[in-house]
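Trainee:
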Amino acid sequence: MRCVASWICTTLLCVQCDTPGMAGKPDLIKTATNEAKQGQSLRLTQGEQPEARPLPGLPGAVLVWIPPGSFVMGAPDTEPGRDRDEGPTTRVTLTRGFWMWRTEVTEAQTKAVLGTPASFGACGRFCPALGGLSLAMEFANALSQRYGLATCYARNGDSSCDWEVRSSCLNPRYRGNSGQDYYRCPGFRLPTEAEWEYAARAGTQTAFYNGKITQPDESTGRSDPRADAIGWYCFNARAGHRGCYRFKQADWHEETDPDGAGFHPVAQKRPNPWGLYDMAGNAWETVWDGHHSELWGGIQTDPVRNDGYYETYRGGAYTSDARGLRSANRYFGVPKTAIHGIGFRLVVSAP
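Set out below in structure tokens:
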């Protein structure tokens with residue numbers, strides 16, 4: 037098996053490690069040294085298909101390799117359903133590949149790592165864990181510690197974070213270089229907004245990763261066939277009886293919805309070309325960047341925004357109409373309060 041990123045291959049292959057207390061944890065230095073001696077590549081070459089690896093000891097956790105590359109972030113003016121904050125379109129280059137959670141992190145996974153379920157809903161253990169940025173940072177740090185990796189976040193509860201200066205929530209060693217040091221953190225972390233959209237598009241530039249949008253909102257009373265195929269949203273999650281919403285806090289309490297409307301178990305819809313599920317619909321996903329009213333524009337390399345009070349959400353949810361499921365769609369919420377319907381997935385950078 038060719039190793040794409042040294043630590044994850046060690047994690048997969050190391051069932052019993054020699055050092056006491058290191059069972060199931062990666063010996064990063066040893067593996068990286070051996071790979072260098074053997075001339076093994078740490079990245080996929082152009083045209084290769086992304087690879088997927090299970091994470092031992094965590095139910096259903098599979099990481100998908102996302103190679104470095106460039107893409108156009110945002111939506112053109114001509115895209116149906118476009119909002120102003122989805123522009124100006126920006127040419128983004130990501131210089132590091134990364135491993136990404138194949139699905140939204142689930143209830144079972146947060147319970148296995150943190151000891152308690154996270155959700156406010158009644159969907160079940162294989163449904164998205166809901167809790168927004170706070171839960172995501174707590175889970176990421178705990179997971180990094182479990183696998184012997186440096187933690188990316190310097191926090192023990194919300195008291196250590198100044199939400200208007202998002203960098204205050206980071207491990208101090210990854211706060212510099214205008215925020216770009218965030219990409220260097222070797223532990224589990226939230227994707228940046230650019231990483232999320234790059235992974236969601238998977239080499240596509242259409243509204244959805246499976247094609248163009250035909251029914252952007254609920255006004256026609258018809259569902260969008262491409263949205264139906266890739267995500268749970270108001271037309272197929274049986275939420276239409278209450279109307280389609282881009283975001284409405286009260287609608288996240290799914291146990292009060294009749295007819296089974298609400299969140300669904302992960303990985304039931306069609307994945308994108310890189311093998312990622314639920315990048316459209318089901319639960320909104322929080323990313324690291326604070327929300328700004330527009331994209332950067334021009335050309336950007338490894339962009340990240342460590343400022344901005346509001347959390348940024350991507351991907352749409354079961355209450356969204358079809359436009360909410362577009363790869364470029366962006367939304368936001370107040371930290372620590374908009375948590376009932378906010379899921380997440382994690383990434384880890386290549387060495």
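In my numbering, the protein residues as written are 37 to 387. We put the CB at the ideal spot given by N, CA and C, even for glycine. The structure displayed is predicted, hence computed values, not measured ones.
State the Cα-Cα distance for the pair Pro62 and Gly247, rounded to the nearest angstrom.
Mentor: Below a pLDDT of 50, predicted positions are generally treated as unreliable, and Pro62, at 38, falls in that range; the measurement from the model is reported next regardless. If you take the alpha carbons of Pro62 and Gly247, they lie about 40 Å apart.
Trainee: For Thr126, does the three-state DSSP call read helix, strand or coil?
Mentor: Three-state result, Thr126: strand.
Trainee: Less than 9 Å between the C-beta atoms of Arg120 and Glu330, yes or no?
Mentor: Yes, the Cβ-Cβ distance between Arg120 and Glu330 is below 9 Å.
Trainee: Quick one: what does DSSP say Pro387 is sitting in, helix, strand or coil?
Mentor: Three-state DSSP puts Pro387 in coil, outside helix and strand.
Trainee: Can you tell me the Cα-Cα spacing of Pro252 and Thr240, whole angstroms?
Mentor: Using only the alpha carbons, I get a separation of about 19 Å.
Trainee: Let me confirm a value: Val370 is counted as buried when at least 16 other C-beta atoms fall within 10 Å, else exposed. Which label applies?
Mentor: Counting Cβ neighbours within 10 Å, Val370 comes out exposed, since fewer than 16 surround it.
Trainee: Can you tell me which of the three DSSP states Pro261 falls into?
Mentor: It is helical.
Trainee: Since Met388 is in the beta strand (DSSP E), which residue starts that stretch and which ends it?
Mentor: In the structure displayed, the chain extends from 37 to 387; residue 388 sits before or after that span and is not available.
Trainee: Could you tell me which uninterrupted alpha helix (DSSP H) segments, each at least 4 residues in length, are contained entirely in the stretch 212-243, listed from first to last along the chain?
Mentor: With a minimum length of 4 residues, the continuous alpha helix (DSSP H) runs that stay inside the stretch 212-243 are 229-237.
Trainee: Using a Cβ-Cβ cut-off of 6 Å (strictly less than) and excluding sequence neighbours within five positions of Phe271, which residues of its own chain qualify?
Mentor: The answer, listed in chain order, is Ser259.
Trainee: Under the assumption that Gly326 contacts Arg341 (Cβ atoms under 8 Å), give the Cβ distance between them as a whole number of angstroms.
Mentor: So it is a contact: roughly 5 Å between Cβ atoms.
Trainee: Consult DSSP for Thr187 and reduce its assignment to one of helix, strand or coil.
Mentor: If DSSP states are grouped into helix, strand and coil, Thr187 belongs with coil.
Trainee: Can you tell me which residues form a DSSP beta bridge with Arg350?
Mentor: Glu321 and Arg366, per the DSSP bridge assignment.
Trainee: Taking the alpha carbon of Arg202 as the point to measure from, which residue in Met173, Glu321, Pro92 and Cys163 has its own alpha carbon closest?
Mentor: Nearest of Met173, Glu321, Pro92 and Cys163 to Arg202, Cα basis: Met173.
Trainee: Do the stretch 219-232 and the stretch 128-146 meet, that is, are 3 or more Cβ pairs less than 8 Å apart?
Mentor: Yes: at least three Cβ pairs fall under 8 Å.
Trainee: State yes or no: is the C-beta of Met144 within less than 9 Å of the C-beta of Phe162?
Mentor: One detail in the question is off: residue 144 reads as Ala in this sequence, not Met. Yes; because the gap between Cβ atoms is below 9 Å, this pair is in contact.
Trainee: Out of Ser356, Gly110 and Asp357, which has the shortest C-alpha to C-alpha gap to Glu231?
Mentor: That would be Gly110, whose Cα lies nearest to the Cα of Glu231.
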